[in-house]
Amino acid sequence: MFSETQLDSALDIHHELLVPHTKKKILLINTGGVMGMERKEDGTSEMRPGFLKEQMESFPENSSADMPDFDIIEFDPLIESADVGPEEWQKIAELVDVNYLLYDGFVVVMGTDTLAYSACMLSFMLENLAKTVVFTASQLQISDVYTDARRNLLV
Numbered sequence: 075m076f077s078e079t080q081l082d083s084a085l086d087i088h089h090e091l092l093v094p095h096t097k098k099k100i101l102l103i104n105t106g107g108v109m110g111m112e113r114k115e116d117g118t119s120e121m122r123p124g125f126l127k128e129q130m131e132s133f134p135e136n137s138s139a140d141m142p143d144f145d146i147i148e149f150d151p152l153i154e155s156a157d158v159g160p161e162e163w164q165k166i167a168e169l170v171d172v173n174y175l176l177y178d179g180f181v182v183v184m185g186t187d188t189l190a191y192s193a194c195m196l197s198f199m200l201e202n203l204a205k206t207v208v209f210t211a212s213q214l215q216i217s218d219v220y221t222d223a224r225r226n227l228l229v
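Below, the structure is given as structure tokens:
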């Protein structure tokens, strides 16, 4: 049979599906890339798990009723865009598939090097979806004063 933990988990998922929520809910899939890099004291940058989420949670726009709720799933480890290929495309497709009923849409954050190729391939892998999957990246880090990252995520 099922353990108590498995039953509780199944009930939580069903509750999530059955109880209508007024705000949209988005799943952000962070594969890596410049957008979520953290600048270190020595001036170099590194991809640090959790950094993009920390930055996004600090956005004042989150208090607006017009902003969707969001959850973030990060690749482990975060990867450089140049290293994205068929394995990573499959992983993104699987994350969308497994979470399809729980979210109203999906945002994939990655680096710019292979974003166009990845979006093209996923358009075939995720054919006939009734929900939006957006791919985005940035030239500058989300924590920079003048950055394209905030606009690319929020607009």
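Here this note's numbering is used: the first residue of the sequence shown is 75, the next is one more, and so on.
A virtual CB, placed ideally from N, CA and C, is assigned to each residue, including glycine.
CB-CB length for residue i against residue j, believed under 8 Å
{"i": "M184", "j": "S155", "result": "5 Å"}
{"i": "T188", "j": "V158", "result": "5 Å"}
{"i": "L101", "j": "P123", "result": "Not confirmed; about 17 Å, so no contact."}
{"i": "I166", "j": "L203", "result": "Not really, about 13 Å apart at Cβ, beyond 8 Å."}
Residue i classed as buried or exposed, judged by whether at least 16 other C-beta atoms fall within 10 angstroms
{"i": "T105", "result": "buried"}
{"i": "F198", "result": "exposed"}
{"i": "E135", "result": "exposed"}
{"i": "S138", "result": "exposed"}
{"i": "E162", "result": "buried"}
{"i": "S132", "result": "exposed"}
{"i": "Q164", "result": "exposed"}
{"i": "F76", "result": "Confidence at F76 is low in this model, with a pLDDT of 47, below 50, so the placement of that residue should be treated as unreliable; the coordinate-derived value is given next. Result: exposed."}
Residues that residue i bridges to, as DSSP identifies them
{"i": "S119", "result": "R113"}
{"i": "L101", "result": "D145 and F180"}
Chain-order list of residues whose beta-carbon lies under 7 Å from that of residue i (same chain, five-residue window excluded)
{"i": "L169", "result": "I103 and I147"}
{"i": "S192", "result": "V158, W163, M184 and F209"}
Cut-off 6 Å between Cβ atoms - residues of its own chain near residue i, not counting five sequence neighbours on either side
{"i": "K98", "result": "P142 and D178"}
{"i": "Q213", "result": "D222"}
{"i": "L126", "result": "N104 and G110"}
{"i": "I216", "result": "M109, Q129 and A223"}
{"i": "F144", "result": "I100 and L102"}
Cutoff 8 Å; reference residue i; Cβ partners in own chain excluding five residues on either side
{"i": "K114", "result": "E120"}
{"i": "A211", "result": "G107, V108, M109, S155, V183, M184, G185, T186, L189 and N226"}
{"i": "K205", "result": "Y174, Y177, D178, G179 and F180"}
Query raised in the report: Can you list, in chain order, the stretches of the beta strand (DSSP E) that have 3 or more residues and sit fully within the stretch 181-214?
Result: 206-210
Requested in this report: Scan the stretch 140-166 and note each continuous alpha helix (DSSP H) run of 4 residues or more that stays entirely inside, going in chain order.
Outcome: none
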